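>
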């Protein structure tokens, strides 16, 4: 999952970058509105975190222009001013959620997960495809009733595949969404990652949840289960 | 910029001058005309007298009896002159007063015709003259005569001038009097304005807090609104002062705790936990105090805010935030439900209440807005109801929920601050908040705003 962070305050931006990377997200950051708009228009992001008070181009304007350019990825607004007037303006401009500064990093992460899940059309926090269940809140994965222990990268890979289940996801797309700009695209890290994930999810090889389509990419084959009542 | 006083005085004086000037001119003209008519009448009388005194013999010669009809004719230099001249130029009788004087009378007037004119005598005196033509048949021949009389214009001038003097004297006097009256009327009428400005100066100097005088009806709208503005700005100042004080004081405790923790030799883990706790607490304090101080309060001159627009905008925004829940908003805003105050305050109020309702509800949130009849005030009040179909608030907890900073459900973030902000805004507007049970099954919050 690739996140765009547009935040002018350097220390907060660094904190966000570090924390997102720790959680296995690919992150690109911009320090002002213009740069943010450029990145947002050029790269395929899954979610953006936008501060409203930005130099050069206000956050509201960045959001409006991204939306006008047809970008549909969810946008979370960060604002120091918690008045409803600002919240409503931000949401009307095209934001999907807001968080008032100062905030807890955990809350921000939880909100981002909700936005990602919602954008993929899942309305519940637990993604369930047959015997595989992924809880986006606790970040726990289980297969056939057994808890599966995943690293952050493996978790993010699985989450991306499950959010787009049934679709063919190319390697390039996966690389773009899982790693930021600095990643070495020629390596076969991805294949290794997919192989490890397959073994962890399906040690006996009965489910075959991740299909390889030669030259095209991967597909998560298990169908979405109707949501169990909470 | 010309003062109101000067404007009114200049305008009034111009009108006065124009009116009196025209009046004087008209009266002068009328008097002249009537004096001239009187002069003509007198000359006519002289002509008739001359006619009565004259006689024509059978040879066609004119003679005048010794006794002159008017003493003036007989006295040289009297200013009254008479002449009878035949049209054939054979005979011309002149009154003794005309000795040594030639007057260019018009001669040869036709039978029965009159001629009134101004002439200049040979010594340069201006005269009014009247000629009258007559003819007789003598021995089968027509003989025509012109009877002419003239009178010095001096008396006429004297009369007209004396009239003018008294006319303009009176008019000038009246003008001065009217100006004085106008000036004092202006002073009297504009006195309330001057009073407002001295009262404002007193407020500026800190000697008063309100425009307290009694003002005329035309100014009352202005002064009442000024008073509301002044009150609002005072209230805001007070609020800022209190908030600042509250903020400083309430930050002292967490700061003391942090200092204590740093100074005591507790472990890094413990220190981290304590700092974390206190930072959270300070964050909450700052957030709360900021929102509290931000309430703008009533603005006396603002246009009413359309409640429906605000409700719709917030509902649309909340639909995004609570997309997972798929909240079903039912909105009923009566067309005449408007809010006299700051739009940001109304948004804050409704935003917090509707946000809470969305947090608590299962699926349904209802918002109702109606005008509240208010007979005392010019503008009606406003009632807002925000209801949800959640678990509701048990009556025994209702009071607690309204207490500052207490959350009915600790697991849902930010509930208490929201309601505290709502109450602070309502305090500014003099409104009330009630908590009850909704027909939808959940909580119902009713906001009542008085009119203004």
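Chains as they are written, first to last, in my numbering: chain A, 1 to 230; chain B, 1001 to 1452.
Virtual Cβ for every residue (Gly too), placed ideally from N, Cα, C.
Treat the numbers as computed from the prediction; the structure is a model and nothing was measured.
#1: Please list, in chain order, all residues of the same chain as residue 55/A whose beta carbon is under 6 Å from its beta carbon, the five residues on each side excluded.
#2: For residue 1337/B versus residue 1304/B, is the C-beta spacing smaller than 7 Å?
#3: Do residue 1356/B and residue 1418/B have their C-beta atoms within less than 7 Å of each other?
#4: Please report the straight-line C-alpha distance between residue 275/A and residue 22/A, rounded to a whole angstrom.
#5: For a contact meaning CB atoms closer than 7 Å, what does residue 123/A contact in chain C?
#6: Give the secondary structure of residue 1371/B by DSSP, where H, G and I count as helix, E and B as strand, and everything else as coil.
#7: Beta-carbon of residue 1449/B versus every beta-carbon of chain A: anything under 7 Å?
#8: For residue 1093/B, which option in 1053/B, 1010/B, 1376/B has the closest C-alpha, if you only look at C-alpha atoms?
#9: Specify the secondary structure class of residue 1253/B as computed by DSSP and reduced to three states.
#10: Assess, as a yes-or-no matter, whether the region 1158-1171 of chain B is touched by the region 1118-1134 of chain B under the definition of 3 or more beta carbon pairs within less than 8 Å.
#11: Beta-carbon within less than 8 Å of residue 1113/B's beta-carbon, same chain only, minus the 5 sequence neighbours each way: which residues are those?
#12: Measuring only between beta-carbons, confirm whether residue 1330/B sits less than 7 Å from chain A.
#13: Between the alpha carbons of residue 1216/B and residue 1192/B, how many angstroms are there, rounded?
#14: Any beta carbon of chain A sitting closer than 7 Å to that of residue 1462/B?
#15: So, is residue 1010/B buried or exposed, given that buried needs 16 or more other C-beta atoms within 10 angstroms?
#16: Are any of the Cβ atoms in chain A nearer than 7 Å to that of residue 1313/B?
#17: Roughly how many angstroms separate the alpha carbons of residue 1392/B and residue 1386/B, rounded to a whole number?
#18: Just the chain A side, please: which residues come within less than 7 Å of residue 1348/B by C-beta, in chain order?
#19: As an exercise, report each continuous alpha helix (DSSP H) stretch of at least 4 residues that is fully enclosed by the region 3-33 of chain A, in chain order.
#20: Determine the extent of the beta strand (DSSP E) in which residue 1034/B is found, giving its start and end residues.
#21: Kindly provide the ranges of any alpha helix (DSSP H) runs that are 4 or more residues long and lie completely inside the region 80-136 of chain A, ordered along the chain.
#22: Taking residue 1434/B as the reference, which of 1025/B, 1389/B, 1269/B, 1384/B has the closest Cα?
#23: Using the beta-carbon count (16 or more within 10 Å), is residue 1019/B buried or exposed?
#24: Would you report the Cα separation of residue 1208/B and residue 1199/B, rounded to the nearest angstrom?
#25: Any beta carbon of chain B sitting closer than 7 Å to that of residue 74/A?
#26: Can you look up residue 1304/B in the DSSP assignment and give me helix, strand or coil?
#27: Flag this pair as yes or no: are the beta carbons of residue 1390/B and residue 1450/B separated by less than 7 Å?
#28: From residue 1108/B to residue 1096/B, what does the alpha carbon distance come to, in whole angstroms?
#29: Examine chain A for any beta-carbon lying closer than 7 Å to the beta-carbon of residue 1437/B, and answer yes or no.
#30: Would you mind giving the Cβ-Cβ distance between residue 3/A and residue 51/A, rounded to the nearest angstrom? I have them listed as a contact below 8 Å.
#31: Looking only at its chain, what residues have a beta carbon closer than 6 Å to the beta carbon of residue 1378/B, apart from the 5 residues adjacent to it on each side?
#32: Under 7 Å Cβ-Cβ, which residues of chain A neighbour residue 1274/B?
#33: Straight-line CA distance for residue 197/A to residue 207/A?
#34: DSSP has residue 1181/B in a bridge; who is on the other side?
#35: To the nearest angstrom, how far is it from the Cα of residue 1023/B to the Cα of residue 1179/B?
#36: Taking the alpha-carbon of residue 1173/B as reference, which of 1427/B, 1394/B, 1016/B has the nearest alpha-carbon?
So, from the listed chains and residues:
#1: If we look at residue 55/A and ignore the five residues flanking it on each side, its Cβ neighbours are 8, 32.
#2: Against a cut-off of 7 Å, the Cβ pair of residue 1304/B and residue 1337/B comes out as no contact.
#3: A Cβ-Cβ contact shorter than 7 Å links residue 1356/B with residue 1418/B.
#4: Since the first residue shown for chain A is 1 and the last is 230, residue 275/A is missing from the structure and cannot be characterised.
#5: Any reference to chain C falls outside this structure, whose protein chains are A and B.
#6: Here residue 1371/B sits in strand by DSSP.
#7: So, not an interface residue.
#8: Selected option, being the one with the closest Cα: 1053/B.
#9: Of the three classes helix, strand and coil, the one that applies to residue 1253/B here is helix, per DSSP.
#10: These segments do not touch.
#11: Excluding sequence neighbours, residue 1113/B sits near 1132, 1133.
#12: Cβ-Cβ to chain A under 7 Å: no for residue 1330/B.
#13: Their backbone Cα atoms lie some 7 Å apart in a straight line.
#14: For chain B, the structure presents residues 1001 to 1452; residue 1462/B sits outside this window and is missing.
#15: By the neighbour-count criterion, in which 16 or more other beta carbons inside 10 Å mark a residue as buried, residue 1010/B falls on the exposed side.
#16: Yes - at least one Cβ of chain A is within 7 Å of the one on residue 1313/B.
#17: Those two C-alpha atoms are separated by around 12 Å.
#18: By Cβ distance, chain A contributes 83, 84.
#19: Counting only runs that start and end inside the region 3-33 of chain A, the alpha helix (DSSP H) elements of at least 4 residues fall at 10-22.
#20: Per DSSP, residue 1034/B belongs to no beta strand (DSSP E); it is in the alpha helix (DSSP H), 1004-1053.
#21: Entirely contained in the region 80-136 of chain A, the alpha helix (DSSP H) runs reaching 4 residues are, in chain order, 84-93, 105-119.
#22: Out of 1025/B, 1389/B, 1269/B, 1384/B, 1384/B has the C-alpha closest to the C-alpha of residue 1434/B.
#23: Here residue 1019/B is exposed. Its C-beta has fewer than 16 other C-beta atoms within 10 Å.
#24: If you take the alpha carbons of residue 1208/B and residue 1199/B, they lie about 8 Å apart.
#25: Closer than 7 Å: no.
#26: Per DSSP, reduced to three states, the secondary structure at residue 1304/B is coil, with no helix or strand assignment.
#27: Between residue 1390/B and residue 1450/B, the C-beta spacing is not below 7 Å.
#28: Whole-angstrom Cα-Cα distance: 22 Å.
#29: Under the Cβ distance rule, residue 1437/B does not count among the residues neighbouring chain A, no pair being separated by less than 7 Å.
#30: Their Cβ separation, rounded to whole angstroms, is 14 Å, which puts residue 3/A and residue 51/A out of contact at 8 Å.
#31: Closer than 6 Å at Cβ, skipping near neighbours: no residue.
#32: Neighbours of residue 1274/B on chain A: none; closest Cβ ~17 Å, over 7 Å.
#33: Straight across, the Cα-Cα distance linking residue 197/A with residue 207/A is about 13 Å.
#34: None; residue 1181/B has no bridge partner.
#35: When the Cα atoms are used, residue 1023/B and residue 1179/B turn out to be separated by approximately 17 Å.
#36: Ranking 1427/B, 1394/B, 1016/B by Cα distance to residue 1173/B puts 1016/B first.
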